[in-house]
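Visitor: My structure is below; once you've seen it, I'll send some questions.
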Amino acid sequence: MQWVRPTDVAARAGAVVLDRGAELNMRLRDAVLDGVREGRAQLQERLARREEALDPDSSSPTNARERVVGRTGVSR
1 MQWVRPTDVA
11 ARAGAVVLDR
21 GAELNMRLRD
31 AVLDGVREGR
41 AQLQERLARR
51 EEALDPDSSS
61 PTNARERVVG
71 RTGVSR
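Per UniProt numbering, the sequence shown starts with residue 1, numbered consecutively.
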């Protein structure tokens, strides 16, 4: 049996809590970043599908040139 002062016991316990907290913080950060990456990819896919649905011919270069020449955005 080893005699340890109460302050040493408290310091050791505090160090263990800090280590666990730091590990939990890193795991939480990684989980959040994974979620953000997945959400960003899903959002990009949805936006691409929506753009395609709204203007399916926007990928063709001839229609893009015609649209630039016209005045479709001007209100009367």
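Glycine included, every Cβ here is placed at the ideal spot set by N, Cα and C.
Note that the coordinates shown come from a computational prediction; the quantities given were computed from them, not determined experimentally.
Which of the three DSSP states, helix, strand or coil, is assigned to residue 17?
Guide: Here residue 17 corresponds to residue number 17 of the sequence shown, with the count starting at 1. It is helical.
Visitor: Just verifying my parser: in three-state terms, what is the DSSP assignment at residue 55?
Guide: Walking along the sequence shown from the start, residue 55 turns up at place 55. In the structure shown, residue 55 sits in coil (DSSP, three-state: anything other than H, G, I, E or B).
Visitor: Helix or strand or just coil, what does DSSP make of residue 5?
Guide: As a working mapping, residue 5 is identified with position 5 in the sequence shown. Coil, per DSSP.
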